[in-house]
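Number of protein chains: 2
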Amino acid sequence: SSPSRFLSSSKPPSPASNLRSGVMTGPMGVQPPKLVFRQLFEKESSTYTYLLADVAHPDKPALLIDPVDRTVDRDLSLVKDLGLKLIYAMNTHVHADHITGTGLIKDMVPGVKSVISKASHSKADLLIEAGDKICLGSLFLEVRATPGHTLGCVTYVTGDGLDQPYPRMAFTGDTLLIRGCGRTDFQGGSSSQLYQSVHSQIFTLPKDTLVYPAHDYKGFTVSTVGEEMLYNPRLTKDEETFKSIMENLNLPYPKMIDVAVPANMVCGLQDRAAKA
Amino acid sequence: SSPSRFLSSSKPPSPASNLRSGVMTGPMGVQPPKLVFRQLFEKESSTYTYLLADVAHPDKPALLIDPVDRTVDRDLSLVKDLGLKLIYAMNTHVHADHITGTGLIKDMVPGVKSVISKASHSKADLLIEAGDKICLGSLFLEVRATPGHTLGCVTYVTGDGLDQPYPRMAFTGDTLLIRGCGRTDFQGGSSSQLYQSVHSQIFTLPKDTLVYPAHDYKGFTVSTVGEEMLYNPRLTKDEETFKSIMENLNLPYPKMIDVAVPANMVCGLQDRAAKA
Ligand SMILES: [Fe+2]
Ligand SMILES: [Fe+2]
Chain U
211 SSPSRFLSSS
221 KPPSPASNLR
231 SGVMTGPMGV
241 QPPKLVFRQL
251 FEKESSTYTY
261 LLADVAHPDK
271 PALLIDPVDR
281 TVDRDLSLVK
291 DLGLKLIYAM
301 NTHVHADHIT
311 GTGLIKDMVP
321 GVKSVISKAS
331 HSKADLLIEA
341 GDKICLGSLF
351 LEVRATPGHT
361 LGCVTYVTGD
371 GLDQPYPRMA
381 FTGDTLLIRG
391 CGRTDFQGGS
401 SSQLYQSVHS
411 QIFTLPKDTL
421 VYPAHDYKGF
431 TVSTVGEEML
441 YNPRLTKDEE
451 TFKSIMENLN
461 LPYPKMIDVA
471 VPANMVCGLQ
481 DRAAKA
Chain Y
211 SSPSRFLSSS
221 KPPSPASNLR
231 SGVMTGPMGV
241 QPPKLVFRQL
251 FEKESSTYTY
261 LLADVAHPDK
271 PALLIDPVDR
281 TVDRDLSLVK
291 DLGLKLIYAM
301 NTHVHADHIT
311 GTGLIKDMVP
321 GVKSVISKAS
331 HSKADLLIEA
341 GDKICLGSLF
351 LEVRATPGHT
361 LGCVTYVTGD
371 GLDQPYPRMA
381 FTGDTLLIRG
391 CGRTDFQGGS
401 SSQLYQSVHS
411 QIFTLPKDTL
421 VYPAHDYKGF
431 TVSTVGEEML
441 YNPRLTKDEE
451 TFKSIMENLN
461 LPYPKMIDVA
471 VPANMVCGLQ
481 DRAAKA
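In order, the protein sequences belong to chains U and Y.
Residues in the first sequence are numbered consecutively from 211, following my numbering.
Residues in the second sequence are numbered consecutively from 211, following my numbering.
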């Protein structure tokens, strides 16, 4: 993996993480209360936004994953109520179904940095790659490249280590949905790549890892890696069957894609980018 | 408090619970992984259904709080995937905005018992009252009477004790919503009673107790007692101001009330009750 360019260097799993697996994974799991975590729902696009903060750190640093333009006020009001200092506004990928809130958030909260993958070919303050770590006080997220739904999709996974949240949490974007996955017919999508991404980058995580997707259309809020390995109707199939399923979905043309994709490549601030 | 009539007796807070508060409430909180917990959303009525199970118990007993008729198939399919044995289908109160799924669930899963408060004057297998405990393997829920939105509203709270989930979780129905509360102008509602219920039965819980309401209309999924004590725009007011707020809401007549209330008083199986 490439050396990390921001904030912290990536390293192989530490002995401490093995110790934790051995010692703590019994009748008692340890959840450091330093993590404040909130899942937030945007109804029109059925999008989940996630708020994470390290409240044990004096600054109470916080980040938002996949904020939506329409719900920025709600999200920032919660950040304020909880006394958090927002430092990152991140996307898992360039969304085609809604406008990201990252640009608005940058306008409204000075100092916030927008984050997206370098592979998305978008503008943002931090362009992250596989192996990077995003630090939040003493917590961190690992970046895993999970292309397939789009070329630049990433999955953010909470750290491995005794002092990190247990079970781990994977923010999978549209790569892995609960009992489903994102479409692969636009934005440099590839069913073969999505299949490889899920199997190599997500299904290799501990089975109790919590799966938090960017969307759910049936009212599910969370799943686990183990559950999706057993019950995902698409990704439990072999690769050829999976590719044939994805080729025969016959989905309509994404309604907002022509507006949302260009906007989201500049943090949702399309007009300003056009003027600049 | 009245002696418990089902499954277990209620008792005052045990020394173990004080010990836990002293010992565990520091940098590390303990979350027994024996609890499997899922929050589920029904979009049309913005209702949250909750699934709880004790997966450390050989039977993996499970219960559902506030299931909705339209999403019973989803809920039971999740119960099946997780290998759980559903034993209770519970309501926090007689809902006026959707039809409960408890009757359908009883039909589809033999042995499941429906649960509602005695004060709701409804039919169910278990009619619970303040002080009762509902056991789920080695986990349990306390019943707290929280009238005000309806005469029969209860709040179910996870147990106090070293072997119970930490932080505690309160399933508040429509008594306390995130930054709001249920209306008090129908079904034996009373703003004065709701105010007293929240202050005496919910705001007296530990501040880190998680608040899981029956509805949210803005996409919030959870709050805490401490957060609502500080930021609930209604319940932070004095009682007179609260009553005046509730009297001046000018809400429309509840759309489904004439269908839903009679149906929900017989677990959503109105036609069958009429024929019987
Ligand atoms: Fe997407
Ligand atoms: Fe209600």
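The beta-carbon is built from N, C-alpha and C at its ideal position, and this holds for glycine as well.
Beta-carbon proximity list for residue i, same chain, < 7 Å, skipping 5 on both sides
i: histidine 409(Y); result: none
i: valine 469(Y); result: none
i: valine 304(Y); result: Ser330, Ser332, Thr360, Gly362, Gln397, Val471, Asn474 and Met475
i: histidine 425(Y); result: Ser256, Thr257, Tyr258, Asp384 and Leu387
i: glycine 436(Y); result: Lys417 and Asp418
i: alanine 334(Y); result: Ser324, Val325, Ile326 and Cys477
Span of the alpha helix (DSSP H) around residue i
i: lysine 316(Y); result: 312-318
i: tyrosine 405(U); result: 401-407
i: tyrosine 441(U); result: 435-441
i: lysine 290(U); result: 282-291
i: isoleucine 455(Y); result: 449-457
i: alanine 473(U); result: 467-474
Residue i versus residue j: straight-line alpha-carbon distance, rounded
i: serine 324(U); j: phenylalanine 413(Y); result: 38 Å
i: valine 421(U); j: isoleucine 455(U); result: 22 Å
i: tyrosine 492(U); j: alanine 340(U); result: Examination of residue 492(U) is not possible in this model, given that chain U is present from 211 through 486 alone.
i: threonine 382(U); j: alanine 299(U); result: 16 Å
i: isoleucine 388(U); j: threonine 451(Y); result: 44 Å
i: alanine 486(U); j: leucine 288(U); result: Interpretation of alanine 486(U) is limited by its pLDDT of 47, a score under 50 that renders its predicted location unreliable; no figure is taken from the coordinates.
i: lysine 328(Y); j: isoleucine 338(Y); result: 6 Å
i: arginine 393(U); j: leucine 459(U); result: 8 Å
i: proline 464(U); j: arginine 444(U); result: 21 Å
i: tyrosine 441(U); j: lysine 244(U); result: 32 Å
i: asparagine 228(Y); j: aspartate 370(Y); result: Legend: pLDDT at asparagine 228(Y) = 29, less than 50; position of this residue unreliable, no value from coordinates given.
i: cysteine 345(Y); j: alanine 380(Y); result: 15 Å
i: proline 268(U); j: glutamate 449(Y); result: 36 Å
i: glutamine 480(U); j: glutamate 254(U); result: 21 Å
i: threonine 365(Y); j: aspartate 264(Y); result: 20 Å
i: lysine 290(U); j: threonine 356(Y); result: 30 Å
i: glutamate 438(U); j: leucine 349(Y); result: 26 Å
i: phenylalanine 430(U); j: threonine 302(U); result: 19 Å
i: glycine 399(U); j: glutamine 411(Y); result: 52 Å
i: lysine 428(Y); j: glutamine 249(U); result: 12 Å
i: methionine 318(Y); j: proline 423(Y); result: 26 Å
Boundaries (first-last residue) of the beta strand (DSSP E) holding residue i
i: phenylalanine 350(Y); result: 349-355
i: phenylalanine 251(Y); result: 245-252
i: valine 421(U); result: 420-423
i: leucine 396(Y); result: Checking the displayed sequence, the identity of residue 396(Y) turns out to be phenylalanine instead of leucine. Taken as a continuous stretch (DSSP letters only), phenylalanine 396(Y) belongs to no beta strand (DSSP E), as it is neither H nor E.
i: glycine 383(Y); result: 379-383
i: alanine 340(Y); result: That residue, alanine 340(Y), is in no beta strand (DSSP E); it is neither H nor E in DSSP.
i: aspartate 373(U); result: Here aspartate 373(U) belongs to no beta strand (DSSP E), and DSSP marks it neither H nor E.
i: threonine 557(U); result: The shown model of chain U, from 211 to 486, leaves out residue 557(U), and the question about it has no answer.
Whole-angstrom C-beta distance between residue j and residue i, which should lie under 8 Å
i: aspartate 279(Y); j: leucine 314(Y); result: 6 Å
i: glycine 321(Y); j: valine 282(Y); result: About 16 Å separates the two Cβ atoms, so there is no contact after all.
i: leucine 294(U); j: lysine 270(U); result: 5 Å
i: serine 401(Y); j: lysine 453(Y); result: 5 Å
Best match in the options for proximity to residue i [C-alpha to C-alpha]
i: tyrosine 260(Y); options: Arg284(Y), Arg354(Y), Gly371(Y) and Pro268(Y); result: Arg284(Y)
i: valine 432(U); options: Gly321(U), Phe251(U), Ser400(U) and Leu349(U); result: Phe251(U)
i: glutamine 374(U); options: Asn460(U), Gly478(U), Pro443(U) and Glu352(U); result: Glu352(U)
i: glutamine 403(Y); options: Ile309(Y), Lys290(Y) and Gly358(Y); result: Gly358(Y)
i: proline 277(U); options: Phe430(U), Val265(U) and Lys316(U); result: Lys316(U)
i: leucine 296(U); options: Glu438(U), Lys428(U) and Gly347(U); result: Gly347(U)
i: alanine 266(Y); options: Phe430(Y), Leu292(Y) and Gln249(Y); result: Leu292(Y)
i: serine 407(Y); options: Lys428(Y), Pro423(Y) and Arg354(Y); result: Arg354(Y)
i: glutamate 457(U); options: Ile326(U), Asp395(U) and Tyr427(U); result: Asp395(U)
i: aspartate 342(U); options: Gln249(U), Thr368(U) and Met318(U); result: Thr368(U)
Cβ neighbours of residue i in the same chain (closer than 6 Å, five flanking residues each side left out)
i: leucine 262(U); result: Phe247 and Leu273
i: isoleucine 467(Y); result: Ala306
i: leucine 461(Y); result: Arg393
i: isoleucine 275(U); result: Tyr260, Met300 and Phe381
Ligand 4 heavy atom lying under 8 Å from the CB of residue i
i: alanine 306(U); result: As presented, the structure is devoid of ligand 4, carrying ligand 1 and ligand 2 as its sole ligands.
Close Cβ partners of residue i (< 8 Å) along its chain, the five nearest in sequence each way excluded
i: glutamate 478(Y); result: First, the amino acid is wrong: residue 478(Y) is glycine here, not glutamate. Closer than 8 Å at the Cβ level, and outside the excluded window around glycine 478(Y), lie Asp279, Ile309, Thr310, Gly311, Thr312, Gly313 and Leu314.
i: proline 377(Y); result: Gly239, Pro416, Asp418, Thr419, Leu420 and Thr434
i: glycine 390(Y); result: Asn442, Pro443 and Arg444
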